[in-house]
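Student: Structure below; questions to follow.
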Amino acid sequence: MSGDPEGTLRARMAWLHSWAGLLLGWLAFAVFVTGALSVYAPEISRWMMPETGAAGRADRQQALRTAEAALYREAPRAARWQLELPAPRKPLLTLSWSGPDGTADVRLDPATGAAVVPRDTEGGDFLVEFHYSLHAGKAGISLVGACSLGLLLVLVTGIIVHRRLFADFFTFRPRLSAGRAWLDAHNVLGVLPLPFSIMILVTALSTLLLTYLPAGVHARFGNDIAAMAAQVFPAPPGTHAQGDASMLPLPELVRRAETVLGAGKAGVVIVREPGREGAIADVMRVFDDRFMAFPDRVSLRADTGSIVDTQNRYGGALTLARTLGGLHYGYYAAPLLRALYFALALAGAGMIATGLALYSVRTSARGGRFAAAVHRINVAMICGPLCACAAYFLANRLAWPGAAGLHDREVLAFFLAWAGCWGHAVWGDPARLWRRQWLAAAVLWMALVPVDAAALALQPAFRHLLGQPLHAVAASLFAAMGGLSMWIALRRGRHERDATHASLHRGGTRRTGA
Numbered sequence: 000m001s002g003d004p005e006g007t008l009r010a011r012m013a014w015l016h017s018w019a020g021l022l023l024g025w026l027a028f029a030v031f032v033t034g035a036l037s038v039y040a041p042e043i044s045r046w047m048m049p050e051t052g053a054a055g056r057a058d059r060q061q062a063l064r065t066a067e068a069a070l071y072r073e074a075p076r077a078a079r080w081q082l083e084l085p086a087p088r089k090p091l092l093t094l095s096w097s098g099p100d101g102t103a104d105v106r107l108d109p110a111t112g113a114a115v116v117p118r119d120t121e122g123g124d125f126l127v128e129f130h131y132s133l134h135a136g137k138a139g140i141s142l143v144g145a146c147s148l149g150l151l152l153v154l155v156t157g158i159i160v161h162r163r164l165f166a167d168f169f170t171f172r173p174r175l176s177a178g179r180a181w182l183d184a185h186n187v188l189g190v191l192p193l194p195f196s197i198m199i200l201v202t203a204l205s206t207l208l209l210t211y212l213p214a215g216v217h218a219r220f221g222n223d224i225a226a227m228a229a230q231v232f233p234a235p236p237g238t239h240a241q242g243d244a245s246m247l248p249l250p251e252l253v254r255r256a257e258t259v260l261g262a263g264k265a266g267v268v269i270v271r272e273p274g275r276e277g278a279i280a281d282v283m284r285v286f287d288d289r290f291m292a293f294p295d296r297v298s299l300r301a302d303t304g305s306i307v308d309t310q311n312r313y314g315g316a317l318t319l320a321r322t323l324g325g326l327h328y329g330y331y332a333a334p335l336l337r338a339l340y341f342a343l344a345l346a347g348a349g350m351i352a353t354g355l356a357l358y359s360v361r362t363s364a365r366g367g368r369f370a371a372a373v374h375r376i377n378v379a380m381i382c383g384p385l386c387a388c389a390a391y392f393l394a395n396r397l398a399w400p401g402a403a404g405l406h407d408r409e410v411l412a413f414f415l416a417w418a419g420c421w422g423h424a425v426w427g428d429p430a431r432l433w434r435r436q437w438l439a440a441a442v443l444w445m446a447l448v449p450v451d452a453a454a455l456a457l458q459p460a461f462r463h464l465l466g467q468p469l470h471a472v473a474a475s476l477f478a479a480m481g482g483l484s485m486w487i488a489l490r491r492g493r494h495e496r497d498a499t500h501a502s503l504h505r506g507g508t509r510r511t512g513a
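Numbering that gives the first Met the number 0 numbers the first residue of the sequence shown as 0 and each following residue consecutively.
In structure tokens, the structure reads:
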């Protein structure tokens, strides 16, 4: 039996931390980077759809009147209307309807009622989807879930291994050996977002818990998922439409619903069987001012305005699940807190990247095929996602407005850029992989600034956007990402030159001694 059980435990945890961190880190870095960008998914969508930048502002009453007029004009006999009111992060009025003739949707300028046709892009939604599914459907969701669970283990083992974790947080020695510098950076970036990282991983698992652990649902409901949803998620009352009947104006229906929801809190309105006797209007509350990411609902008779159902109380399971989901999504966050989410997510990505780099430094000293393979994979899995995100944005700006299939080409650019990083990592000179790929990332991110400005300036309808805060902040972030990548590339270049000189010096010494 070991005479130092604490030392034995720490040694075992160090082994587990290193191996689990390596294998999970390859995937987790891309998940964290796209997760950080997903914090600003609505803003990214607006940036990628400059056609929406000309939308004016209107008060809620005007927006509701505009929506009502458009719905009566475009879909008077539809079976269902839905409208999403403008919000600070989503300034357009979004309408959709369905009926015997199919479904349709339109986005309107809330001030003028004019239709806004943005370019064919997935915007920030692709980054959100990649963040939780890797653009790979259910298999990707399961893989990300397993990665999240494993990362919790990595965090716990890291706390055990680093005995002086919080003291090391205040120690950063970039001028010492590469291994010590990477370890110090790893400690700083690990401690800084530690509570956030634990919270984000636990809540990530909770958001898709039924996907990861379906046994409980199957044991009680079998394969009848609809029965489970009906019991857990409150359903609105059914309609009993009979004949034609006039409805109260939408502004009046929303006003009555807001006596329960709160003034100015309506976000979405759904009208079932509009223009019929017994039509129901469901008014949903926004939830960007609270942790629980689930909308309260008030259902009214659209023809009389009487409230027939209210849903603002929930069971413990739904409250817990949607509150954990709200903490993960950050919908409730004010601008400063949203920026903190973004910064801490990037710090988490930095923690993963420095951990992978530290592993490369330590294994490269031993040499061998495994160390060489890890080095190449690390380069592709760290620089690859950064180049891919920049290429995704560039593909949006380099496309002519109105081009069909743009969203497919943007996604293709994302994966082609990453594939290019993989190809270079596999076939390139291993001594220069880091510098060249960080340099590629710097060029791509920095190119976004002039490309964005030129693309907007060449279109008279978009020139006014150049002075808007959204595009100014985006340009600043692009330049910052490019500058950081360039700084890392230059440091890696200096490190590679020093390593080459040291190698030549050792070779010369051996020849002299011989």
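Ideal Cβ placement from N, Cα and C applies to all residues, glycine included. As the structure is a prediction and not an experimental result, all values here were calculated from the model.
Of all the options W426, T238, L323, C386, which has the alpha carbon lying nearest to the alpha carbon of A78?
Tutor: The shortest Cα separation from A78 among W426, T238, L323, C386 belongs to T238.
Student: Residues in its own chain within less than 6 Å of R59 by CB, not counting five upstream and five downstream?
Tutor: none
Student: Using beta-carbon positions only, say whether Y313 and M283 come within less than 9 Å of one another.
Tutor: no
Student: Thinking just about the alpha-carbon of each residue, which of G274, P49, L63, T156 is nearest to the one in P75?
Tutor: G274
Student: Quick one: using the 10 Å Cβ neighbour count with 16 as the cut-off for buried, is E128 buried or exposed?
Tutor: buried
Student: Assign F413 to buried or exposed, taking buried as 16 or more other Cβ atoms, counted over all protein chains shown, within 10 Å of its Cβ.
Tutor: buried
Student: For E409 and F477, I'd like the C-alpha separation in whole angstroms.
Tutor: Whole-angstrom Cα-Cα distance: 18 Å.
Student: Could you please give me the residues that DSSP links to E251 through a beta bridge?
Tutor: Answer by DSSP bridge pairing: none, since E251 is not bridged.
Student: Just the C-alpha distance for T258 and V307, rounded to the nearest angstrom, thanks.
Tutor: Going from the Cα of T258 to the Cα of V307 covers about 14 Å.
Student: State buried or exposed for V360, treating a residue as buried only when at least 16 other CB atoms are found within 10 Å of its CB.
Tutor: buried
Student: Give me, in chain order, the residues of the same chain whose beta-carbon lies closer than 8 Å to that of P90; leave out the 5 immediate sequence neighbours on both sides.
Tutor: R45, T51, A54, R56, P109
Student: Would you report the Cα separation of N186 and A316, rounded to the nearest angstrom?
Tutor: 37 Å
Student: Assuming F31 contacts I381 (C-beta within less than 8 Å), just tell me the rounded distance between them.
Tutor: So it is not a contact: roughly 11 Å between Cβ atoms.
Student: Determine, using beta-carbon pairs with one atom in the region 423–437 and one in the region 14–22, whether at least three such pairs fall under 8 Å.
Tutor: no
Student: Which residues in the same chain as S95 place their Cβ atom closer than 6 Å to its Cβ, once the five residues preceding and following it in sequence are excluded?
Tutor: Q81, D104
Student: Per the contact definition of three or more C-beta pairs closer than 8 Å, is the region 322–331 in contact with the region 144–158?
Tutor: no
Student: Runs of 3 residues minimum, wholly inside the region 286–312: which ones carry the beta strand (DSSP E) assignment?
Tutor: Within the region 286–312, the complete beta strand (DSSP E) runs of at least 3 residues are 296–300, 306–310.
Student: From this set, T303, T65, T210, which residue's C-alpha is nearest G139's C-alpha?
Tutor: Nearest option by C-alpha distance: T210.
Student: Can at least three beta-carbon pairs, one atom from the region 191–206 and one from the region 330–350, be found at a separation below 8 Å?
Tutor: yes
Student: Is D183 near the ligand SAM, going by C-beta to nearest heavy atom under 8 Å?
Tutor: Ligands displayed in this structure: none; no statement on the ligand SAM is therefore possible.
Student: Between which residues of its own chain and G263 is the CB-CB distance below 8 Å, once the five residues before and five after are set aside?
Tutor: R59, E257
Student: Could you give the C-beta distance for L63 and P250, rounded to a whole number, given that I count them as a contact under 8 Å?
Tutor: 4 Å
Student: Based on DSSP bridge pairs, tell me the residues matched to D104.
Tutor: DSSP output for D104 lists S95 as bridge partner(s).
Student: Report the rounded CA-to-CA distance for A371 versus G404, giving the unit in angstroms.
Tutor: 40 Å
Student: Do you know offhand how far P236's Cα is from I224's?
Tutor: 20 Å
Student: Let me check understanding here. Comparing Cα to Cα, which of P41, A265, I159, A10 lies closest to A473?
Tutor: P41
Student: The alpha helix (DSSP H) spanning L209 covers which residue range?
Tutor: 208–211
Student: Anyone know if the C-beta pair for A441 and A488 falls short of 9 Å?
Tutor: yes
Student: Would you please state the rounded distance, in angstroms, between the beta carbons of R491 and W437? I believe it to be under 8 Å.
Tutor: Rounded, the Cβ-Cβ distance is 6 Å, consistent with contact.
Student: T93: which of G101, E83, P87 sits nearest, CA to CA?
Tutor: For T93, the nearest C-alpha among the options comes from E83.
Student: Straight-line CA distance for A145 to L200?
Tutor: 11 Å
Student: State the CB to CB distance for the pair L182 and L357, rounded to an integer number of angstroms; the pair is presumed to be in contact (CB under 8 Å).
Tutor: Cβ-Cβ separation between L182 and L357: approximately 6 Å, consistent with a contact (criterion under 8 Å).
Student: So, using beta-carbon positions, are D302 and M246 closer together than 9 Å?
Tutor: yes
Student: Cα-Cα, which of A184, A203, P85, E67 is closest to S132?
Tutor: A203
Student: Go ahead and label N377 buried or exposed: buried means 16 or more other beta carbons lie within 10 angstroms of its beta carbon, across all protein chains shown.
Tutor: N377 should be labelled buried.
Student: Taking just the CA atoms, how far does L15 sit from G149?
Tutor: 11 Å
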